[in-house]
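Contents: one structure, followed by commentary.
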Amino acid sequence: MGCKCAKPTDEFHGWACEITGGECMFLLPDSKQCAKVYGEGPDVEPPKECEGDQIKYCANCGKEIERSYFKCLDNFLQVKYFEADDQSDNVFCSKDCFCESLFLEEIDIEK
Ligand SMILES: [Zn+2]
């Protein structure tokens with residue numbers, strides 16, 4: 000229950016809606032109900048895009064991936080390191096970004 004977009008007001012029945020600018024459609028603001036019934040409000044789920052034409056971004060620098068990207072195929076890392084179900088955090092624009100992301104550093108050997 001409750002809704003982030005409902006603002007207490009002395010108009011209407013006591014609740015105004017930030018999105019429509021009018022009254023909240025519910026006597027008691029309920030964003031889940033609102034998403035279900037009206038398709039509005041903070042609880043509406045963004046439409047799912049299909050995998051193919053999804054825009055990918057480098058998980059390290061955030062750059063938009065254009066033609067190709069680097070993906071770690073190590074199963075252990077895929078399970079233990081990358082957290083996103085759709086592997087969207089396993090996308091890198093360059094090997095450098097991948098290395099940076101995995102904290103790969105060059106360590107000098109002291110002599
Ligand atoms: Zn990058």
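Residue numbering for the sequence shown is 0 to 110, as defined by numbering that gives the first Met the number 0.
Idealized CB from N, CA, C, for every residue including glycine.
query                                                                                                                                                                       : result
Any heavy atom of ligand 1 inside 8 Å of the beta-carbon of G61?                                                                                                            : yes
Give me, in chain order, the residues of the same chain whose beta-carbon lies closer than 6 Å to that of K31; leave out the 5 immediate sequence neighbours on both sides. : D42
Once the 5 residues before and after A34 are set aside, which same chain residues still bring their CB inside 7 Å of it?                                                    : G40, D42 and V43
Just to confirm my understanding: we take I54, look at its own chain, exclude 5 residues before and 5 after, and list those with CB closer than 8 Å. What are they?         : E63 and I64
Work out the CA separation of F91 and F97 for me, nearest whole Å.                                                                                                          : 6 Å
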